[in-house]
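Structure record follows, encoded as structure tokens.
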Amino acid sequence: VGYEFGVGMVTSSGISGKHCRDVTLAVLGTMLVCELVTSLGFYRYIEKESVIIEEQRQALKKASEEKVRLLGSLAKTNGTVTSILGDFHALNSRVSSAKATIESYRPPAQSAGAAKAAREKAAADKGREEQVEQLLMEIEDLKSQREKLKEERNHAVQ
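Per my numbering: the sequence shown ends with 305, consecutive numbering throughout.
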């Protein structure tokens, strides 16, 4: 049976109040040290997690910058492809125009005798023949340019 006083506890077994107070202080001191160690460990854990979070943030930042760079490159490639397609359509228009001009020089369908006479007349007209040759060479040149543009477009798309 024990009685509690302001300074400590006196029991029937004769343990002094001072001894109880010392034990209580020792227990409280141990609890305080444990709490400090736990807090220090938790602080170190938080510090490590902060470093990991910062590394992840930096990795995300780099990935975002790479994404922006790739989008810029894609936009540039898209502009190049659009330009090549515009050139390609312009060349197609020129080829169509040259073909129409050549067709305008051909005589209408005639009988065999009339066709022969028309061919002889065309052979006599040297200026016209040279013009047709020039147009044919221009068509070949345009076809060559068109093929080059197709290759550039395919390369740019890849």
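Just so it is clear, CB atoms sit at the ideal spot from N, CA and C, and this is done for glycine as well.
Query, Result
"Exposure of S232, with buried meaning 16 or more beta-carbon neighbours within 10 Å", "Checking the displayed sequence, the identity of residue 232 turns out to be Leu instead of Ser. With fewer than 16 Cβ atoms within 10 Å of its Cβ, L232 is classed as exposed."
"Inter-residue Cα distance where the pair is L283 and S243", "12 Å"
"Where D288 sits in the DSSP three-state scheme", "helix"
"Residue nearest to A245 in terms of C-alpha spacing, selected from A261, E285, F189 and D272", "E285"
"Proximity below 9 Å, CB of V198 to CB of V304", "no"
"Secondary structure of D272, DSSP reduced to three states", "coil"
"Cβ contact (3+ pairs, closer than 8 Å) linking the segment 204-223 and the segment 258-272", "no"
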